[in-house]
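What follows is a set of notes on a single structure, which appears directly below.
Numbering (our numbering), first residue to last: 1 to 308.
Structure representation (structure tokens):
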């Protein structure tokens, strides 16, 4: 069995946790999460070390880069792919796409693609457009309202929990759901801008490009040849950052509505506190009610049942 480890910052580990959220297992001591896929077992520790174990451990570790250490003590080459964006894209007219809610037990997945022109970028910077994860909910709502008032061409799609759970029961992975959401939003924006000059499309990377293309192909769709993928794209592209803000504002609004349905303020994330809240909801409204407000295949459901 192969074994590789990499060192990551806190933000990357959180992104990894969201990426592997459908494969999460019980978290061992001093760890942030543990997940087991068909490729490898992944354990991320509070120290920043992430351990990959399994026949395809090296391949899985290479998805995340960082300082990689194999059993041979040799450093693996930093991974890349041919769909990395050129640096010129960030200052050119382009479409950016991002999603929100993927790592949260409660609430839907929201996805937004936005077209931004070069001449609009200075204003977006001035008003504080940046990665939505660094902003408060109130600031996100304020910025999203401003972005909509600017009449930036955008497309927002909300994958409600009932539909999410239906697709998951049909063996759709969350990765496939996200790929189809990105693709639909991007195509909607392209239809809106029509003849506007765009230098390309940038997607905040949640899987390798060939996997994304495989998801599209499974539903008879093709990748636009001018599409690029980049992790932490919202830190480089104002179009992706704008998409992340509108998507997150929508997620926050959806969570408020679901909280009214549940009769309590629903918690974000997928922590142990969420497990306790799930148990309370099951007691008060029944387990079937969860399908309308939650991603029920998350490990939290089973953990909550153990608390009853």
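We treat Cβ as the ideally placed atom computed from N, Cα and C, and that holds for glycine.
Counted as a single uninterrupted DSSP element, the alpha helix (DSSP H) harbouring residue 181 occupies residues 174-193. Contact check for residue 200 and residue 114: beta-carbon distance about 14 Å, past the 8 Å limit, so the pair fails to qualify. DSSP places residue 53 within a strand segment (E or B) once states are collapsed to three. Residue 264 sits in coil when the DSSP states are folded into three classes, being neither helix nor strand. DSSP places residue 3 within a strand segment (E or B) once states are collapsed to three. The beta carbons of residue 270 and residue 21 sit about 7 Å from each other, so the pair counts as a contact at 8 Å.
Around the C-beta of residue 87, fewer than 16 other C-beta atoms lie within 10 Å, and the residue is accordingly described as exposed. Under the three-state reduction of DSSP output, residue 99 falls in the strand class.
In the structure shown, the three-state DSSP call for residue 92 is coil. Residue range 31-36 is occupied by the beta strand (DSSP E) that includes residue 35.
Relative to the Cα of residue 107, the nearest Cα in the group 254, 39 and 44 belongs to 254. Secondary-structure assignment with DSSP links residue 158 through a beta bridge to 110. Secondary structure note for residue 16: its alpha helix (DSSP H) is the uninterrupted segment 10-19.
Counting along the chain, residue 275 sits inside the alpha helix (DSSP H) bounded by residues 272-285. Excluding sequence positions up to five before and after residue 308, its CB lies within less than 8 Å of the CB of 279, 282 and 283, all in the same chain and listed in chain order.
Collapsing the DSSP output to three states places residue 140 in a helix. Between residue 9 and residue 240, the gap from beta carbon to beta carbon reaches 8 Å or more.
C-alpha of residue 181 to C-alpha of residue 300: approximately 24 Å in a straight line. DSSP places residue 167 within a helical segment (H, G or I) once states are collapsed to three. If you draw a straight line from the Cα of residue 139 to the Cα of residue 130, it comes to about 11 Å. Inclusion of residue 116 and residue 152 in the CB contact set at 8 Å is warranted, their separation being smaller than that value. Straight-line measurement puts the Cα of residue 2 at about 16 Å from the Cα of residue 35.
Less than 8 Å divides the Cβ of residue 49 from the Cβ of residue 7.
Look at residue 229 here: in three-state DSSP terms it is strand. Inter-residue distance for residue 155 and residue 260 is about 26 Å (C-alpha atoms, whole angstroms).
Pairing residue 126 with residue 202, the inter-Cα distance amounts to about 22 Å. Residue 18 places its beta carbon 8 Å or farther from that of residue 40.
In this structure, residue 184 lies away from residue 215, with their beta-carbon atoms at least 8 Å apart.
Within the same chain, and ignoring the five residues on either side of residue 304 in sequence, the residues whose Cβ sits closer than 7 Å to its Cβ are 275, 278, 279 and 282.
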